[in-house]
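Start counting at 1 in the sequence shown, then tack on 11, and there's your number in the numbering used here. Each residue gets a CB set at the ideal place from its N, CA and C atoms; glycine is no exception. For clarity, every value in this text was computed on a predicted model and none was experimentally measured.
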Amino acid sequence: MMRLRLWKIAPALRQQPGSNCIRGIATGGRVTNEDRRWWLIHLECAPDVTPGTFIAWLDCCGTHTTKKLIERNVWTIEQVAQLDSDQVDELKYKEGCLKMDIVWEHARTIITPLRQREVTGGVESELQSRILELRKKRELERKREELLKERANVNEQREATLRKLREAIAAKKAAMLQKKQEATENSGNSGSGDNNSSSNNTGVESAR
Numbered sequence: 012m013m014r015l016r017l018w019k020i021a022p023a024l025r026q027q028p029g030s031n032c033i034r035g036i037a038t039g040g041r042v043t044n045e046d047r048r049w050w051l052i053h054l055e056c057a058p059d060v061t062p063g064t065f066i067a068w069l070d071c072c073g074t075h076t077t078k079k080l081i082e083r084n085v086w087t088i089e090q091v092a093q094l095d096s097d098q099v100d101e102l103k104y105k106e107g108c109l110k111m112d113i114v115w116e117h118a119r120t121i122i123t124p125l126r127q128r129e130v131t132g133g134v135e136s137e138l139q140s141r142i143l144e145l146r147k148k149r150e151l152e153r154k155r156e157e158l159l160k161e162r163a164n165v166n167e168q169r170e171a172t173l174r175k176l177r178e179a180i181a182a183k184k185a186a187m188l189q190k191k192q193e194a195t196e197n198s199g200n201s202g203s204g205d206n207n208s209s210s211n212n213t214g215v216e217s218a219r
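1) N91: which of G107, I113, K105 sits nearest, CA to CA?
2) By the DSSP assignment, the alpha helix (DSSP H) with E106 in it spans what residues?
3) Tell me whether the beta-carbon of C108 lies closer than 9 Å to the beta-carbon of L69.
4) Indicate the three-state DSSP secondary structure (helix, strand or coil) for D59 in the structure shown.
5) Using the Cα positions of I88 and L176, report the straight-line distance between them to the nearest angstrom.
6) If we ignore side chains and look at the alpha-carbon of each, how far apart do R34 and F65 end up?
7) Take every Cβ of the segment 47–62, pair it with every Cβ of the segment 120–130, and state whether three or more of those distances are shorter than 8 Å.
8) Is it the case that the Cβ atoms of K110 and T76 are separated by a distance below 9 Å?
9) With respect to the alpha helix (DSSP H) encompassing L80, which residues constitute its N-terminal and C-terminal limits?
10) Determine the direct distance from the alpha carbon of W86 to that of A171, and round the result to whole angstroms.
11) Considering only C-alpha positions, which residue in the set R162, E116, R155, N166 is nearest to L229?
12) What number of angstroms, rounded off, separates the C-alpha of N166 from the C-alpha of L158?
13) What do you reckon, are the CB atoms on L102 and R83 nearer than 9 Å?
14) What's the gap between the Cα of Q192 and the Cα of K183?
15) Checking 9 Å against the spacing of the C-beta atoms, do R41 and T120 come in under that value?
16) Taking the alpha-carbon positions, what's the N197 to R169 distance?
17) For the alpha helix (DSSP H) holding V85, just list the boundary residues, first then last.
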């Protein structure tokens, strides 16, 4: 019954290319032929998708996986399909992209019909390439802004640390100077007391 319901709403999705409201099939951790069949059905409901479509369109490609793929300069479905099993395992087990194998299988399943679609849709392909370039540019600008903010925060923290250090050094110098002055004053007072004592002794001797 579930399959019949999904199939009934599929034509409605043709009015909204790229809709992902019925994606997220392979959630059990293992891709089956049934999953692949539904991926191909969903692809028919998204005529604007091409090999150059952004990776976030793929099933189970969440924010973390998208970020890790972009860090490796992987932006498109075609690039994901070209990854080898070692790269997929590294992303899954070392980078924490737990559903990377599903993302990879989705890309590999749909890449052939996507390439066939690209051959017949030159204008759409060119438009998609421009959109991809704009997305790349936007992402690079966002990363640049984040980097500048991070550097500014580091500089502010460094200045605050240096300021506190200077204040601490100045306070120590002031304390040492004050102690030195007090020691000098105490030494002067002790010397004048000795002089008074010797003059008193001299007066006593004279009187005798």
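In terms of the structure at hand:
1) According to the sequence shown, residue 91 is Val rather than Asn. The residue with the shortest Cα to Cα distance from V91 is I113.
2) E106 -> no alpha helix (DSSP H), and no H or E assigned at all.
3) no
4) coil
5) 53 Å
6) Low per-residue confidence applies at R34: pLDDT is 45, beneath 50, and the placement is therefore not dependable enough to give any value.
7) yes
8) yes
9) 74–82
10) 40 Å
11) Nothing in the structure corresponds to residue 229, since the chain is present only between 12 and 219.
12) 12 Å
13) yes
14) 14 Å
15) no
16) 42 Å
17) V85 -> no alpha helix (DSSP H), and no H or E assigned at all.
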